[in-house]
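Each position in the sequence shown, counted from 1, maps to that position plus 57 in this note's numbering.
Idealized CB from N, CA, C, for every residue including glycine.
Here's the structure we're looking at; comments come further down.
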Amino acid sequence: MERELTVAVVGATGAVGREMLKTLAERAFPATKVKAFASERSAGTRVPFGEDGTELVVEELREDSFKGIDLALFSAGGATSTKFAPLAVHAGCVVVDNSAAWRMDPRCPLVVPEVNPDALDNHNGIIANPNCSTIQMVVVLKPIYDMAGIKRIVVSTYQAVSGTGQKGIRELEKQVSDIFNMRETSPSVYPCQIAFNILPQIDIFMDNDYTKEEMKMVNETVKILADPNVRVTATCARVPVFYCHAEAVNVETDKKLAAREARAILAQAPGVRVLDNPREGIYPLPLECSGEDPVFVGRIRDDESIDNGLNLWIVADNVRKGAALNAVQIAEELVRKNLVHVKNRDVFID
Ligand code: A2P
Numbered sequence: 058m059e060r061e062l063t064v065a066v067v068g069a070t071g072a073v074g075r076e077m078l079k080t081l082a083e084r085a086f087p088a089t090k091v092k093a094f095a096s097e098r099s100a101g102t103r104v105p106f107g108e109d110g111t112e113l114v115v116e117e118l119r120e121d122s123f124k125g126i127d128l129a130l131f132s133a134g135g136a137t138s139t140k141f142a143p144l145a146v147h148a149g150c151v152v153v154d155n156s157a158a159w160r161m162d163p164r165c166p167l168v169v170p171e172v173n174p175d176a177l178d179n180h181n182g183i184i185a186n187p188n189c190s191t192i193q194m195v196v197v198l199k200p201i202y203d204m205a206g207i208k209r210i211v212v213s214t215y216q217a218v219s220g221t222g223q224k225g226i227r228e229l230e231k232q233v234s235d236i237f238n239m240r241e242t243s244p245s246v247y248p249c250q251i252a253f254n255i256l257p258q259i260d261i262f263m264d265n266d267y268t269k270e271e272m273k274m275v276n277e278t279v280k281i282l283a284d285p286n287v288r289v290t291a292t293c294a295r296v297p298v299f300y301c302h303a304e305a306v307n308v309e310t311d312k313k314l315a316a317r318e319a320r321a322i323l324a325q326a327p328g329v330r331v332l333d334n335p336r337e338g339i340y341p342l343p344l345e346c347s348g349e350d351p352v353f354v355g356r357i358r359d360d361e362s363i364d365n366g367l368n369l370w371i372v373a374d375n376v377r378k379g380a381a382l383n384a385v386q387i388a389e390e391l392v393r394k395n396l397v398h399v400k401n402r403d404v405f406i407d
């Protein structure tokens, strides 16, 4: 008989948290009870759980909230994860964390179920969900890596405002409305106006002049592929799109893989949908991929400037596969592998 699981979503009022609840319900995740947590500000409010009108009452997240909870999906920012994920593990709860807080910690697997499900096998209680831009890129690159090896990846991203959560969505809506109503507008979430603009900055700048988002793509890709020889360089831009990140990816392989071979491999790959018929004007578009589960790839071309290279255009819903869906798939994999238990409750307690 299946174990009865109590599941919590932490950050349940946010853009990703809401999608996590929706995805758990849609996929009939085997939970006997689902609880919703957010900050003190939201305690007592309600959030939808599924399409049938069911709602959950939001509870304030507290240090003792995890008693009796088997599995918690976190999407409440890095500070909340840093503080509360170790407390959850200490209470015997397995955490799937969508923030960046634990991704590069060697104690925490960084998992995309289509790519490295076996990394879950020896987890210590906290499993990290990768950055949204990294998830969609590695889902497409893993089958290419397995077939031809990868030397180097050059990626440019075009990222939606929902990546910044509800506040990013509100900022674009407000600026567009201000401009159409001939009102002055000013940025508050982003460093510059996002409406009708493109910002070549996501997150803060690091000492090497790359942004934190760009370095996440570099470091997380290497960790997920578990291959320190893969070289990655990234430029990340924020665009005035609500949902779906798009990426132009150039990949140099070890062995020659022609575009038509790559197209055939990707057509069979888990979690990937090929939309690639340029003559008919068929390629992935954010507006069409929004709300969908797969990672879409098109514009698959031989890179004619090098011997072994491909160019790809990759689009996925950043809130779904880039965050909530990937977290729920990790949870499903934990259940399937019978790994919803904490071996040592003190691993993250200093
Ligand atoms: P709240 O709505 O009560 O502020 P988003 O990324 O869309 O902005 O959402 C962030 C989520 O994280 C929200 O659900 C937010 O709850 C939650 N959150 C932020 N700070 C905390 C905190 N200190 N404790 C618990 N939840 C938090």
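Less than 6 Å separating the Cβ of Arg84 from some heavy atom of the ligand A2P? no
Let's test the definition: count the other Cβ atoms within 10 Å of the Cβ of Asn188 and tell me whether it reaches 16, buried, or not, exposed. buried
What do you reckon, are the CB atoms on Ala158 and Ala65 nearer than 7 Å? no
Candidates Val298, Arg402 and Tyr267: which alpha carbon is nearest Val289's? Tyr267
Note the first and the last residue of the continuous beta strand (DSSP E) segment covering Glu276. Per the sequence shown, the amino acid found at residue 276 is Asn instead of Glu. Element bounds for Asn276: not the beta strand (DSSP E) but the alpha helix (DSSP H), Lys269 to Leu282.
Per-residue DSSP class, three states only, for Gln232: helix
Using C-beta distances below 7 Å, list every residue in its chain close to Tyr340, excluding the 5 sequence neighbours before and after it, in chain order. Leu332, Asp333, Gly355, Arg356 and Trp370
Uninterrupted alpha helix (DSSP H) stretches inside the region 106-168 (no shorter than 4 residues): 135-147
Judging by CA-CA distance, which residue of Gly220, Asn368 and Pro248 is the nearest neighbour of Ala133? Gly220
Tell me whether Tyr202 sits in a helix, a strand or coil according to DSSP, three-state version. helix
Could you have a look at Cys346 and say whether DSSP puts it in helix, strand or coil? helix
Heavy atom of the ligand A2P less than 6 Å from the Cβ of Gly222, yes or no? yes
Exposed unless 16 or more other CB atoms sit within 10 angstroms - verdict on Ala315: exposed
At least 3 beta-carbon pairs within less than 8 Å: the region 178-186 vs the region 203-221: no
In chain order, what residues of the same chain lie with their CB nearer than 8 Å to the CB of Asp311, ignoring the 5 residues before and after it? Ala205, Gly206, Ile207, Lys208 and Asn365
Between the C-alpha atoms of Val104 and Ala384, what's the straight-line distance to the nearest angstrom? 19 Å
Counting Cβ pairs, one atom from each stretch, are 3 or more of them under 8 Å apart for the region 194-204 and the region 233-245? no
Pairwise C-alpha distance: Phe141 and Ile406: 11 Å
Give me whichever residues DSSP pairs with Glu304 in a beta bridge. Thr214 and Ile371
Classify Met77: buried if its beta carbon has 16 or more other beta carbons within 10 angstroms, exposed otherwise. buried
Would you check whether the ligand A2P has a heavy atom nearer than 6 Å to the C-beta of Leu113? no
Quick one: Cα of Ala324 to Cα of Phe353, how far? 10 Å
Could you spell out where the beta strand (DSSP E) holding Leu62 opens and where it closes? Leu62 to Val67
DSSP-derived helix/strand/coil call for Lys313: coil
The ligand A2P heavy atom lying under 6 Å from the CB of Arg288: no
Are the CB atoms of Ile251 and Pro297 within a distance shorter than 7 Å? yes
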